[in-house]
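Numbering of the sequence shown is given in our numbering, commencing with residue 2 and proceeding in unit increments. Glycine included, each C-beta is placed from N, C-alpha and C at the ideal position.
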Amino acid sequence: MSKLIFQGEGESKHYDLPRSGRCRIGRSRHSDICLDHPSISESHCELAVDPLIVEVTDLGSTNGTFINGFPVQKGKLSNGQILQVGGFSMVLELDAQDVVLPIVDQSVRQRPTSLPNGLACCYNHSEIVAAMECGHCTKFFCRPCVSVIGLVGGKRHLLCPVCHNHCSPYAGANARSGGGFLGGILTAFKKITGRFGN
């Protein structure tokens, strides 16, 4: 429970604060914290308490309300700060809150770089054979992943979607896939007909 700790000459006393809500300090016996002393006004100040901070409002007291030595009409009192009302100085001790942080897996899942047949796969689509290779970041991509820019009738530029440098055709795909573009169509046709044949 949060509390205000008063340390006077040879004595120490604490005043418990509510977990949340309002708490009035004053000389009146109807105050939540009654400080029967001539330097304290009948209704001196009011505290609005929540679990993280306490807001202090002076209620027109004669001798004022201070936080860490500075007079306030309305101010925030944080943990360990000193609230002074009249001749009383008290330190705020907020209730320690147990904070539980979730355990987050920080490991980065490795992207596959090749298919079971040994060919490089697309950086974005691990199940597709790469068709393009970036000479700068050395990543491989399928044809739809590569950005194409160029003027109508002019030379087209194939750009890497990661680092935006030039890409060139992946030589390994033609060398090992059996026939380049036509070989790729034939492989795709075999896969399709094989699926429908089952």
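The three-state secondary structure of P170, taken from DSSP, is strand. Distance from the Cα of S115 is smallest, within the candidate group V55, E128 and R28, for E128.
Residues of the same chain with a CB within less than 8 Å of the CB of V149, apart from the 5 flanking positions on each side, are R157, H158, L159 and L160 in chain order. With contacts defined by Cβ atoms closer than 7 Å, C164 and F142 do not form a contacting pair. Linking V92 to C46 through their CA atoms gives a straight-line distance of about 15 Å. By the CB criterion at 7 Å, I68 and G61 fall outside the cutoff.
The three-state reading of DSSP puts P103 in coil, since its state is none of H, G, I, E or B. Between V86 and T66, the C-beta gap is smaller than 7 Å, which places the two residues in contact.
In the same chain as R25, and ignoring 5 residues on each side of it, the C-beta atoms closer than 7 Å to its own belong to S32, D33, S44 and E47, in chain order.
Buried is the label assigned to V55, since at least 16 other Cβ atoms lie within 10 Å of its Cβ. Relative to A132, the option among P72, R144, Q8 and C138 whose CA is nearest is R144. The beta carbons of R28 and H38 sit about 7 Å from each other, so the pair counts as a contact at 8 Å. Residue S3 holds the alpha-carbon nearest to the alpha-carbon of Q82 among N64, Y171, S42 and S3.
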